[in-house]
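K.L.:
Got a structure for you, written out below as structure tokens; questions coming shortly.
Residue numbers (my numbering), protein chains in the order written: chain A, 1138 to 1361; chain B, 895 to 1125.
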């Protein structure tokens, strides 16, 4: 396993290895509940709580869980935290709980969480696992807010319920329907890929031009 | 141990030694595997039960609060309400001792300041376009008119089907409509008090709301007649 620093563990999942936009994990909730920013944020917080709790427990118990039953044990730990989140949301914020509906229960099968347990928490210390879960959780939240922000603004003319495009704006209903989720995710990934490619290509033309200038100078000098 | 399990152990051993020759990991007994999952399950169960005991009264309180607000709205702010339970083919205020009232069908009777009954709040639900639509409505059996309607639960399409609770013009029709209601194309009504305009683009959802109320009243009318204390 490649050695990483604590700082890398924290910041890696935020953008460079963003779980939704780069690793394409956890797409079911990312597409399903991002029709409003409030729903996207609530789902992010719920997922973050489950991932953090699961990472701590998986890391703590990693030496006691036999490899043969590790996946079953991870699912059990994740399912426990999801049930706790479900009950706590219903007891504390019933409106949000009703809006998220069945998607809270489906956090159990969010491959983003299971992948962090299997790939990281099961092999690292509790402290490093907390950093990894925090970074991945922040990355997931950023992706969810970007998706839900675009969809709510265009599909409803509001951001977090506040009108931003005025009373004359005709909402693009399709943006808050399922196709709008796929469309927004596709555009975001396209922009991200374009940005990454642009950064990779940028230094190459400079080196080439520099070499050309040197050659031209040499040729010109020879001619004189 | 199966061949697949042995392969898994070989891979795990190779990873742990960082590229050395693969060495099989010691075999774990079946008892330890069962015990691990058993203990984990027991701890998880205990944790869930503890949180459930803390959360349940709060969840029930929120549900009761939401119902009370809806009853107040659909009965247009009565001075007093009384919960009635469907028991043995009649509506009773207090079912026999030992019966779990949470499992019984309920209606709420509303009374004005003089003690006259103003109507009943009734809950009904049927499948809409996406999922079950749950409706509470106020009904006055004396005049056969509705007093109000509120959607308690709906997953209808945002921007289209959700107009059944966001479109005030549609919702306001249920404050005066006479039953049985007749769904009508918007703008094509003849002035009959039984006509309720549906919603363009959300016809199925709007018709479902009308059908829920019509069907529920047809079923509940014999029971409502068993209640005394009316005006």
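Idealized CB from N, CA, C, for every residue including glycine.
These numbers come from a predicted model, not from an experiment.
Going by C-alpha distance, which of A:1339, A:1278, A:1327 and A:1329 is nearest residue 1170 of chain A?
P.N.:
Considering only alpha carbons, the answer is A:1278.
K.L.:
Closer than 9 Å by beta-carbon distance: list the chain B residues that pair up with residue 1255 of chain A, in chain order.
P.N.:
Ordered by position in chain B, no residue passes the 9 Å Cβ test against residue 1255 of chain A, which lies about 12 Å from the chain.
K.L.:
What distance in whole Å lies between the Cβ atoms of residue 1040 of chain B and residue 1003 of chain B, which are believed to be in contact at a cut-off of 8 Å?
P.N.:
In fact, because the Cβ distance is near 16 Å, the residues do not count as touching under 8 Å.
K.L.:
For chain B, check one thing: does any of its Cβ atoms lie closer than 8 Å to the Cβ of residue 1205 of chain A?
P.N.:
Yes - at least one Cβ of chain B is within 8 Å of the one on residue 1205 of chain A.
K.L.:
Buried or exposed, going by whether 16 or more other CB atoms sit within 10 Å of the CB of residue 1211 of chain A?
P.N.:
With 16 or more other Cβ atoms within 10 Å, it is buried.
K.L.:
Let me confirm a value: residue 925 of chain B is counted as buried when at least 16 other C-beta atoms fall within 10 Å, else exposed. Which label applies?
P.N.:
When all chains shown are included, residue 925 of chain B counts as exposed.
K.L.:
Counting only runs that start and end within the segment 978-1020 of chain B, where is the beta strand (DSSP E) found for 3 or more residues in a row?
P.N.:
Segments of the beta strand (DSSP E) lying fully in the segment 978-1020 of chain B: 984-986 and 1000-1005.
K.L.:
Would you kindly report the start and end of the unbroken beta strand (DSSP E) that includes residue 1077 of chain B?
P.N.:
1076-1078 is the extent of the beta strand (DSSP E) around residue 1077 of chain B.
K.L.:
Does residue 902 of chain B get closer than 8 Å to chain A when you measure Cβ to Cβ?
P.N.:
The predicted position of residue 902 of chain B is uncertain, since its pLDDT is 42 and thus under 50; a value taken from the coordinates is nonetheless stated next. Taking Cβ atoms only, chain A reaches closer than 8 Å to residue 902 of chain B, which makes this a yes.
K.L.:
In chain order, what are the residue ranges of uninterrupted beta strand (DSSP E) at least 3 long that sit wholly in the segment 928-975 of chain B?
P.N.:
The qualifying runs do not exist here; there are none.
K.L.:
Roughly how many angstroms lie between the CA atoms of residue 1118 of chain B and residue 998 of chain B, to the nearest whole one?
P.N.:
Distance between the alpha carbons of residue 1118 of chain B and residue 998 of chain B: 16 Å.
K.L.:
Note down, in chain order, every chain B residue with its Cβ under 9 Å from the Cβ of residue 1210 of chain A.
P.N.:
Ordered by position in chain B, the residues that pass the 9 Å Cβ test against residue 1210 of chain A are 930, 931 and 934.
K.L.:
For the segment 935-966 of chain B, list every residue whose C-beta sits within 7 Å of some C-beta in chain A, in sequence order.
P.N.:
Listed in sequence order: 935, 938, 941, 942, 945, 946, 949, 952, 953 and 956.
K.L.:
Using three-state DSSP, classify residue 1211 of chain A as helix, strand or coil.
P.N.:
Correct three-state label for residue 1211 of chain A: helix.
K.L.:
Hey, residue 1093 of chain B and residue 1059 of chain B are a contact pair by Cβ (cut 8 Å); roughly how many whole angstroms apart?
P.N.:
Between residue 1059 of chain B and residue 1093 of chain B the Cβ distance is about 11 Å, and since that is not below 8 Å, they are no contact.
K.L.:
Cβ closer than 7 Å: which chain B residues qualify as neighbours of residue 1202 of chain A?
P.N.:
Chain B residues near residue 1202 of chain A: 930.
K.L.:
Would you mind telling me which residues of chain A sit closer than 8 Å to residue 926 of chain B, beta carbon to beta carbon, in chain order?
P.N.:
Residues of chain A passing the Cβ test: 1203.
K.L.:
Is the distance from the Cβ of residue 1032 of chain B to the Cβ of residue 1018 of chain B below 8 Å?
P.N.:
Contact: no.
K.L.:
Could you give the distance in angstroms between the alpha-carbon of residue 1120 of chain B and the alpha-carbon of residue 985 of chain B?
P.N.:
Roughly 7 Å between the two C-alpha positions.
K.L.:
Let me confirm a value: residue 995 of chain B is counted as buried when at least 16 other C-beta atoms fall within 10 Å, else exposed. Which label applies?
P.N.:
Residue 995 of chain B should be labelled exposed.
K.L.:
Can you confirm whether the segment 943-960 of chain B touches the segment 1214-1233 of chain A when touching is taken to mean that 3 or more C-beta pairs between the two stretches lie within less than 8 Å?
P.N.:
Because the criterion of three Cβ pairs below 8 Å is met, the segment 1214-1233 of chain A and the segment 943-960 of chain B touch.
K.L.:
Going by CA-CA distance only, name the one from A:1269, A:1245, A:1273 and A:1206 that's closest to residue 932 of chain B.
P.N.:
If we check each option's Cα against that of residue 932 of chain B, A:1206 comes out closest.
K.L.:
Given a cut-off of 8 Å on the beta-carbon distance, is the pair residue 1174 of chain A and residue 1263 of chain A in contact?
P.N.:
Not closer than 8 Å, so no.
K.L.:
Where DSSP assigns a beta bridge to residue 1295 of chain A, which residues make up the other side?
P.N.:
According to DSSP, residue 1295 of chain A bridges with A:1300.
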